[in-house]
Amino acid sequence: MPPLAPAAHPPSPARRYAITNFGCQMNKADSERMAGILEAMGYRYEEDELAADLVIYNTCSIRDNAEQKVYSYLGRQVQRKRHNPHLTLVVAGCVAQQEGESLLRRVPELDLVMGPQHANRLGSLLEQVESGQQVVATAEHHILEDLAKPRRESTVTAWVNVIYGCNERCTYCVVPATRGREQSRTPQAIRSEIEALARQGYREITLLGQNIDAYGRDLPGITPSGRRRHTLTDLLHFVHDVEGIARIRFATSHPRYFTERLIAACAELPKVCEHFHIPFQSGDDQVLRHMARGYTVSRYRRIIRTVRQYMPEAAVSADAIVGFPGETEAQFQNTMALVEEIGFDQLNTAAYSPRPNTPAATRADQVPEAVKVDRLRRLNACAERCIRHRNQRYARRVVEVLTEGRNPKDPQQLMGRTRSNRLVFLPAAGHGLGDLVPVRIEAVRPFSLNGCSLSEPQEQRLLSGQR
Ligand code: SAM
Ligand code: SF4
Numbered sequence: 015m016p017p018l019a020p021a022a023h024p025p026s027p028a029r030r031y032a033i034t035n036f037g038c039q040m041n042k043a044d045s046e047r048m049a050g051i052l053e054a055m056g057y058r059y060e061e062d063e064l065a066a067d068l069v070i071y072n073t074c075s076i077r078d079n080a081e082q083k084v085y086s087y088l089g090r091q092v093q094r095k096r097h098n099p100h101l102t103l104v105v106a107g108c109v110a111q112q113e114g115e116s117l118l119r120r121v122p123e124l125d126l127v128m129g130p131q132h133a134n135r136l137g138s139l140l141e142q143v144e145s146g147q148q149v150v151a152t153a154e155h156h157i158l159e160d161l162a163k164p165r166r167e168s169t170v171t172a173w174v175n176v177i178y179g180c181n182e183r184c185t186y187c188v189v190p191a192t193r194g195r196e197q198s199r200t201p202q203a204i205r206s207e208i209e210a211l212a213r214q215g216y217r218e219i220t221l222l223g224q225n226i227d228a229y230g231r232d233l234p235g236i237t238p239s240g241r242r243r244h245t246l247t248d249l250l251h252f253v254h255d256v257e258g259i260a261r262i263r264f265a266t267s268h269p270r271y272f273t274e275r276l277i278a279a280c281a282e283l284p285k286v287c288e289h290f291h292i293p294f295q296s297g298d299d300q301v302l303r304h305m306a307r308g309y310t311v312s313r314y315r316r317i318i319r320t321v322r323q324y325m326p327e328a329a330v331s332a333d334a335i336v337g338f339p340g341e342t343e344a345q346f347q348n349t350m351a352l353v354e355e356i357g358f359d360q361l362n363t364a365a366y367s368p369r370p371n372t373p374a375a376t377r378a379d380q381v382p383e384a385v386k387v388d389r390l391r392r393l394n395a396c397a398e399r400c401i402r403h404r405n406q407r408y409a410r411r412v413v414e415v416l417t418e419g420r421n422p423k424d425p426q427q428l429m430g431r432t433r434s435n436r437l438v439f440l441p442a443a444g445h446g447l448g449d450l451v452p453v454r455i456e457a458v459r460p461f462s463l464n465g466c467s468l469s470e471p472q473e474q475r476l477l478s479g480q481r
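The structure is reproduced here in structure tokens:
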């Protein structure tokens, strides 16, 4: 039983909350749901976390540096709490799940430590805090169907969780330990959320899962042909006709389970965007085996080839890790070669970071830090070259852009994305948020494109013929 907190926090409708998010899209989606719960309880959003009465750090433990950042942020709040005992401090997310009660020993000023599976329970957990308890919520938990309306950052694009957790056992990864077993939402619940989003004016949704290809494998039902009744492919068909939604994306795909049936559905369903995030992690078969990823480099190549056969314009992004234990220079070169060969549109790279309670962390053949840093530098340079090259294909082309917001650096410009997920800036005049605008690309930058919208009907036709 955790010790009692020194002070109770009387509920007050005027209390202000701040949520700082670390980590992946899943965390961002969880933060939006937690914000929705707080607003339903009468809390008001506060931009400045040093002025808030309730501070939530929604943490990431995927790499050590993400974890350490949280402790430095917490230090400032602990100082505040010494002068303001009514300040409520919450650590949510993967560090909370990983550290549990030991986080309270390290930071006794915390009021609530809650794992990602408990995000939807924030309201009842805060009630316990208000009754004077210090609370730790990290037990394996059946995730409640989303009850609160999330406070979404965007008014145009929205994340929709379709599967929580991960049953894979990649030997470097903490996610299965921090996010628990897979739990798929029902297709009906997902569709209802998307219909509600469409009624609110949202135009694009991204279906989210750590391993989204696993969607439905924990739901009952087999088709007469012996297939699972609920798969990502079936889900895409099921939600595709929601009126008002113009674009559908999904992430993250796993090469072990990515099927041609899914690729064919993406090509067939016009709202599904031609962008695929398929992490490969390493370009070397032996390293992949040691990572327990369950596929080979040639399978990965085949997947990309098939995607491009069905959708020649498709963009492909990925994640890669360098310096996995035992990785030799020759194995690292295989990763470099794969990056050169595939032509990624985006690549997230990371140096391997040993994580608590993962098999790879206990290996004796850890790669020295300096070697990892050097490999990361070389891989980033290689990826940047390839991405720049790939970006050139947009020059002078007409692309469809969904406008998502103002350019924070230039209010005269809007920013939006192509179907392939490329960031585009365009003059704001004549357009609102959530518009689908045909844009002619005039300048290609390393991470974005600049263009102007078209008015000529002939050029508009150009666009409609592109898909
Ligand atoms: N489920 C996704 C998959 O299987 O690719 C990725 C989820 S993970 C939150 C995001 C990325 O973090 C991974 O793709 C991997 O590249 C990186 N990552 C995970 N564990 C890591 C570790 N111990 N060290 C470095 N990078 C790591
Ligand atoms: Fe981690 Fe592997 Fe699951 Fe991705 S598939 S979340 S890398 S265990």
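Counting in the numbering used here, the sequence shown runs from 15 upward without gaps. Ideal Cβ positions, reconstructed from N, Cα and C, are used throughout, including at glycine. All of these numbers come straight from a predicted model, not from anything done at the bench.
*Quick one: what does DSSP say His-97 is sitting in, helix, strand or coil?*
helix
*Closest to Ala-106 by CA distance: which of Ala-210, Glu-115, Met-128 and Glu-343 is it?*
Met-128
_Quick check: the stretch 397–417 against the stretch 434–451, are at least 3 beta-carbon pairs closer than 8 Å?_
yes
*Sorted by chain position, which residues of the same chain lie with C-beta nearer than 8 Å to Leu-283's C-beta, five sequence neighbours on each side aside?*
Leu-250, His-251, His-254 and Ile-262
*In chain order, what are the residues with a CB under 6 Å from some non-hydrogen atom of ligand 1?*
Cys-38, Ile-76, Arg-77, Tyr-186, Cys-187, Val-189, Gln-224, Asn-225, Thr-266, His-268, Pro-293, Gln-295, Asp-333, Ile-335, Ala-364, Tyr-366, Ser-367 and Arg-369
*Opposing strand residues paired with Glu-511 [DSSP bridges]*: Residue 511 is absent from the structure shown; the chain starts at 15 and stops at 481.
_I need the DSSP call for Ala-19, collapsed to helix, strand or coil._
Note on Ala-19: pLDDT 40, under 50, position unreliable in the model; the coordinate value appears next. Coil, per DSSP.
*Locate the alpha helix (DSSP H) running through Leu-136, then write down its first and last residues.*
136–144
*asked:* Quick check: is any heavy atom of ligand 2 less than 7 Å from the C-beta of Cys-466?
replied: no
*Looking only at C-alpha atoms, which of Ala-378, Val-176, Glu-141 and Tyr-314 sits nearest to Ala-332?*
Tyr-314
_Runs of 3 residues minimum, wholly inside the stretch 102–188: which ones carry the beta strand (DSSP E) assignment?_
102–107, 126–128, 149–151 and 171–175
*Helix, strand or coil for Glu-218 per DSSP?*
strand
*Would you say the stretch 359–366 touches the stretch 390–398, given that touching needs at least three Cβ pairs under 8 Å?*
yes
_Extent of the continuous alpha helix (DSSP H) run through Gly-297_ = Where Gly-297 is concerned, there is no enclosing alpha helix (DSSP H), given that its DSSP letter is neither H nor E.
_By DSSP's criteria, Phe-358 is part of a beta bridge. Which residues make up the other side?_
DSSP output for Phe-358 lists no bridge partner at all.
*Per DSSP, what kind of secondary structure is Pro-24 in: helix, strand or coil?*
A caution first: Pro-24 carries a pLDDT of 48, below 50, which makes its placement in the model too unreliable to give a value.
_By alpha-carbon positions, which one of Asp-227, Glu-46 and Arg-303 ends up nearest to Ala-172?_
Glu-46
*Check Leu-276 in the structure and name its three-state DSSP category.*
helix
*Starting from the Cα of Ile-219, find the closest Cα among Cys-466, Gly-446, Asn-435 and Pro-460 and give me that residue.*
Asn-435
*Arg-119 versus Gly-146: straight-line alpha-carbon distance, rounded*: 17 Å
*What residues are listed by DSSP as bridge partners for Ile-236?*
Arg-242
*Going by Cα to Cα distance, which pick from Ala-43, Tyr-57 and Glu-63 is closest to Ala-32?*
Glu-63
*My guess is that Leu-126 and Val-149 are in contact by the Cβ rule of under 8 Å, so how many angstroms apart are they, rounded?*
5 Å
_Could you check whether the stretch 403–410 touches the stretch 208–228, counting it as contact only if at least three pairs of C-beta atoms, one from each stretch, sit closer than 8 Å?_
no
*Give the straight-line distance between the Cα atoms of Gly-419 and Gln-300, rounded to the nearest whole angstrom.*
44 Å
*Enclosing beta strand (DSSP E) for Gln-427 [first to last residue]*: 424–432
_Residues of its chain near His-156, where Cβ-Cβ distance is below 6 Å and the 5 sequence neighbours each way are ignored_ = none
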